[in-house]
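J.: Before we start, here is the structure in question, set down as structure tokens.
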């Protein structure tokens, strides 16, 4: 597509050059669903035929204005977090590797300027925080009394960028956009008019269909945290499927919950599998679920990485034995509904927390999640070393989970609905791997032992270890320290 120069400035159209599909409907639907409500999303879905027709007749611009109005009108500006904590995940999964390589390749460009037909608040967090783009140019959303009116305005950044590009030689400006994609937005047209024809790189819409998916591990900056309930890209057909499924999902969630609570494991496990809740258990050659629950054995402390609040329940199902779970921030409602006993930690009194764990371990098997919170991406947060002081050996259990429609966790939403959304999934698959026991009484530093357990779990899962804490996650996703 042409030679790159470290002295050149790249101007690229985000939708047309990076996304495998230039359709912006799924991303406005995410704003409507996650930032608004299911009713707002239903309205947007019902308007899709009109939006599509407008796009065919007058280009994409009018259709985007309609979608922006329906998605944003009435949302509080100060509370809008969809663009920062929800959309980046879906954007990254919709990007093509071939286009992204041109933009994110390190050292290829002096500056990178991304333009978009979508509102600035939707695209800037991804472009600047994860793709290291210098300037993001998108439409501005009009605000009145602290609320979005839903009306899009021309970006003030556009004139600033225009002045910057006009002050340099046009030989130093390289454009990258798509063709055969309908009319372009005004900012797109103006900025690309500064590029010489022989400095334009283009990609056809048909060519993008064969692009490989962009790997999130290829981001210049690590992508670790994201939020939201929707686990799929809400295209028109996928969104319609979700709304059709919703009443059936509610009924299925109730049935699954009753099976979890009311039936013994020898009956509940096969029934839950028939109802779409799959469980895969991998036993280590030296550590099997049968040996861990054999009569006469001492109670074990199971150390797991944290994916959802259902993790300890699935450990209990895999063992076919009641366990107790250490909790740090579970809501009171979730504690009441839990089919296994939970033990709440104080977080502030280390000695009291250790005493509680030791006391509960004397009564039966105990499950602890040293991360203190969930992480959806393939990373493990820092492990609190408190568990190393409770017993002389622990059993690490690697936990992985695959959703089909809804995420069963949230940082900024209502945690009381976490079990409901998990159980509403058409299907889900839990994978548990019981690893070799690790001694905690070998005289090593507690932090070293905790790091050893963390690394053992990360290696088994193919994840990466981090030093990030629960507080770091909640500051990114919710703007607080995650206290419940």
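Numbering (this note's numbering), first residue to last: 191 to 674.
Beta carbons are placed, not taken as given, at the ideal position from N, Cα and C, and that holds for glycine.
Apart from the five residues just before and just after residue 598, which ones in its own chain have a Cβ nearer than 6 Å to its Cβ?
T.: 498, 608, 611, 612
J.: In chain order, what residues of the same chain lie with their CB nearer than 8 Å to the CB of residue 524, ignoring the 5 residues before and after it?
T.: The residues are 499, 605, 606, 608, 609.
J.: If you follow the alpha helix (DSSP H) that residue 612 is in, where does it begin and where does it stop?
T.: DSSP places residue 612 inside the alpha helix (DSSP H), whose first and last residues are 608-614.
J.: Measure how close the beta-carbons of residue 321 and residue 293 come, nearest whole angstrom, since I'm counting them as under 8 Å.
T.: Right, their Cβ atoms sit about 7 Å apart.
J.: Given a threshold of 16 other Cβ atoms within 10 Å of its Cβ, counted over all protein chains shown, does residue 215 qualify as buried or as exposed?
T.: buried
J.: Enumerated in chain order, which unbroken segments of the alpha helix (DSSP H) with a length of 4 residues or greater are wholly contained in the segment 218-301?
T.: 228-236, 238-248, 250-262, 272-275, 277-284, 287-294
J.: Mind checking residue 670: buried by the 16 CB within 10 Å criterion, or exposed?
T.: exposed
J.: Enumerate in chain order the residues of its own chain whose CB-to-CB distance from residue 368 is below 8 Å, with the five nearest sequence positions on each side excluded.
T.: These residues qualify, in order along the chain: 203, 205, 206, 207, 212, 392, 393, 394, 395, 398.
J.: For a test of the three-state rule: what should DSSP assign to residue 494, helix, strand or coil?
T.: strand
J.: Check whether the segment 270-287 touches the segment 413-420, counting contact only when three or more Cβ pairs, one atom from each stretch, lie closer than 8 Å.
T.: By the Cβ test, the segment 270-287 is in contact with the segment 413-420, since at least three Cβ pairs between them sit closer than 8 Å.
J.: Considering only the alpha carbon of each residue, which of 404, 326, 265 lies closest to residue 222?
T.: 265
J.: CA-CA distance, residue 336 and residue 471?
T.: Take the alpha-carbon of residue 336 and the one of residue 471: they are about 51 Å apart.
J.: Kindly indicate which three-state DSSP category residue 307 falls into: helix, strand or coil?
T.: strand
J.: I need the straight-line Cα distance from residue 422 to residue 435, nearest angstrom please.
T.: 14 Å
J.: For residue 508, is the classification buried or exposed, using 16 other Cβ atoms within 10 angstroms of its Cβ as the cut-off for buried?
T.: buried
J.: Would you check if the distance between the CB atom of residue 520 and the CB atom of residue 532 is smaller than 8 Å?
T.: Note that the C-beta distance between residue 520 and residue 532 is below 8 Å.
J.: So who's on the other strand from residue 203, going by DSSP bridges?
T.: 305
J.: Within 10 angstroms of its Cβ, does residue 240 collect 16 or more other Cβ (buried), or is it exposed?
T.: exposed
J.: With a threshold of 6 Å on Cβ separation, who are the neighbours of residue 570 within its own chain once the five nearest residues in sequence on each side are excluded?
T.: 495, 644, 648, 653, 655
J.: Just to confirm before moving on: does the CB-CB distance between residue 602 and residue 527 stay below 8 Å?
T.: It is not a contact, given that the beta carbons lie outside the stated cut-off.
J.: For residue 657, which residues in the same chain have their Cβ closer than 7 Å to its Cβ, ignoring the five residues on either side in sequence?
T.: 572
J.: Residues in its own chain within less than 8 Å of residue 584 by CB, not counting five upstream and five downstream?
T.: 490, 491, 492, 493, 577, 578, 627, 628, 630, 643
J.: Roughly how many angstroms lie between the CA atoms of residue 224 and residue 233, to the nearest whole one?
T.: 14 Å
J.: If we ignore side chains and look at the alpha-carbon of each, how far apart do residue 200 and residue 364 end up?
T.: 5 Å
J.: Just the C-alpha distance for residue 412 and residue 541, rounded to the nearest angstrom, thanks.
T.: 35 Å
J.: If distances are taken between C-alpha atoms only, which option among 358, 362, 340, 326 comes closest to residue 346?
T.: 326
J.: How big is the Cα-Cα spacing for residue 420 and residue 617?
T.: 14 Å
J.: Only counting the same chain, and skipping five residues up and downstream in sequence, which positions put a Cβ closer than 8 Å to that of residue 352?
T.: A distance below 8 Å between beta-carbons, with the five flanking residues on each side excluded, links residue 352 to the following residues of its chain, in chain order: 380, 381, 384.
J.: Tell me the DSSP secondary structure of residue 402 in three-state form.
T.: coil
J.: Is it true that the CB of residue 343 sits closer than 8 Å to the CB of residue 330?
T.: yes
J.: From which residue to which residue does the beta strand (DSSP E) around residue 588 run?
T.: 583-592
J.: Just curious, the alpha helix (DSSP H) that residue 544 is in, first and last residue?
T.: 540-553
J.: For residue 297, count the other beta carbons within 10 Å of its own beta carbon; 16 or more makes it buried, fewer makes it exposed. Which is it?
T.: exposed
J.: Could you give the distance in angstroms between the alpha-carbon of residue 290 and the alpha-carbon of residue 198?
T.: Answer to the nearest angstrom: the Cα atoms are 17 Å apart.
J.: Is residue 604 helix, strand or coil by DSSP?
T.: Note: residue 604 maps to coil in three-state DSSP.
J.: Is the beta carbon of residue 256 closer than 8 Å to that of residue 230?
T.: no
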